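K.L.:
If you scroll down you'll find the structure; I have some questions about it.
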Amino acid sequence: QVQLVESGGGVVQPGGSLRLSCAASGFTFSSYGMHWVRQAPGKGLEWVAFTRYDGSNKYYADSVKGRFTISRDNSKKTLYLQMNSLRAEDTAVYYCAKEAGTPSYYYMDVWGKGTTVTVSS
Amino acid sequence: QSALTQPRSVSGSPGQSVTISCTGTSSDVGGYNYVSWYQQHPGKAPKLMIYDVSKWPSGVPDRFSGSKSGNTASLTISGLQAEDEADYYCCSYAGSYTWVFGGGTKLTVL
Chain V
1 QVQLVESGGG VVQPGGSLRL SCAASGFTFS SYGMHWVRQA PGKGLEWVAF TRYDGSNKYY
61 ADSVKGRFTI SRDNSKKTLY LQMNSLRAED TAVYYCAKEA GTPSYYYMDV WGKGTTVTVS
121 S
Chain H
1001 QSALTQPRSV SGSPGQSVTI SCTGTSSDVG GYNYVSWYQQ HPGKAPKLMI YDVSKWPSGV
1061 PDRFSGSKSG NTASLTISGL QAEDEADYYC CSYAGSYTWV FGGGTKLTVL
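Protein sequences, first through last, are from chains V and H. Residue numbers for the first sequence follow this note's numbering, beginning at 1 and rising by one. Residue numbers for the second sequence follow this note's numbering, beginning at 1001 and rising by one.
Structure (structure tokens):
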């Protein structure tokens, strides 16, 4: 079945870096755009970044632009999120989510279980 | 990229109907028919309930329905059941491959 499994979360100091991974299975990874969405403790969902199916274009929320980089390796069926210059407000559960694809590309139909990032000294 | 506005909480008794609103702007909710709704139980990942304003993914009961008028989208849950108690989030495409979520609504089944 379609599955997304995030990893790479942990505790990092302010100003530090972390790279998250999302391993995909059960679908043709290279055919779908992919998102990162985060949820701070006790807060709502926040869209973070999106990459198109081939990684040719990448888009970011203003809150992470210039600090986070989304990328993908279609040969490994893996999505990444490189997070630099981390701040306390980046503390959250980070979910990867799959674009639904044809006929509608504008929603996320499958989500991983998330990985927790804590930014603290 | 301001969050869409949802009521913090709604409640209803089993068998009743509740409606959750989601207000944005002409740049997101009002500008596209690409509103989706997600259900999230505590400690769990979000689950898609409605997409493209009013369409159901397979496996979602038709007790859940969506609509939109102007800059406000709505999710209506009819025939409330205990298992519907959860947080609900709306999400809208906002153009240029960006998305925006609502702040979330906690549904309590009394």
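Cβ coordinates follow ideal geometry from the N, Cα and C atoms, glycine included. Computed from a predicted structure; not experimentally measured.
#1: Just to confirm my understanding: we take H/Ser-1009, look at its own chain, exclude 5 residues before and 5 after, and list those with CB closer than 8 Å. What are they?
#2: Could you give the distance in angstroms between the alpha-carbon of H/Ser-955 and the alpha-carbon of H/Asp-1084?
#3: Under 8 Å between beta-carbons, which chain V residues line up against H/Ala-1086? List them in chain order, please.
#4: If distances are taken between C-alpha atoms only, which option among H/Lys-1047, H/Phe-1064, H/Pro-1014 and H/Gly-1059 comes closest to V/Tyr-107?
#5: What in chain H is Cβ-close to V/Glu-46, meaning under 7 Å?
#6: Listing by chain order, which chain H residues have their CB less than 7 Å from the CB of V/Gly-114?
#7: Does the CB of H/Ser-1074 have a neighbour CB from chain V at under 8 Å?
#8: Along chain V, which residues have their Cβ under 7 Å away from the Cβ of H/Gln-1039?
#9: Quick check: the region 1013 to 1023 of chain H against the region 1068 to 1082 of chain H, are at least 3 beta-carbon pairs closer than 8 Å?
#10: By Cβ distance, which residues of its chain are closer than 7 Å to H/Gly-1030, with the 5 residues on each side in sequence left out?
#11: Quick one: what's got a C-beta closer than 7 Å to V/Val-11's C-beta in the same chain, skipping five residues either side?
#12: For H/Gly-1015 and V/Lys-98, I'd like the C-alpha separation in whole angstroms.
#13: For H/Ser-1028, does the three-state DSSP call read helix, strand or coil?
P.N.:
According to the structure data:
#1: Thr-1105, Lys-1106, Leu-1107 and Thr-1108
#2: The question about residue 955 of chain H has no answer, for chain H in this structure spans 1001 to 1110.
#3: Going along chain V, no residue has its Cβ under 8 Å from H/Ala-1086, so there is no contact; the nearest lies around 13 Å.
#4: H/Lys-1047
#5: Phe-1101
#6: Near V/Gly-114 (Cβ distances below 7 Å), the residues of chain H are Ala-1045.
#7: Judged by the 8 Å Cβ criterion, H/Ser-1074 is not in contact with chain V.
#8: Simply none; closest approach about 11 Å.
#9: Cβ pair count under 8 Å is three or more, so yes.
#10: Gly-1024, Gly-1070 and Asn-1071
#11: Take V/Val-11, set aside five residues on each side of it, and the residues of its chain with a beta-carbon closer than 7 Å to its own are Thr-118 and Ser-120, in chain order.
#12: The alpha-carbon atoms of H/Gly-1015 and V/Lys-98 are separated by roughly 33 Å.
#13: Residue identity differs from the one stated: residue 1028 of chain H is Asp in this sequence, not Ser. In this structure, H/Asp-1028 counts as coil in the three-state DSSP scheme.
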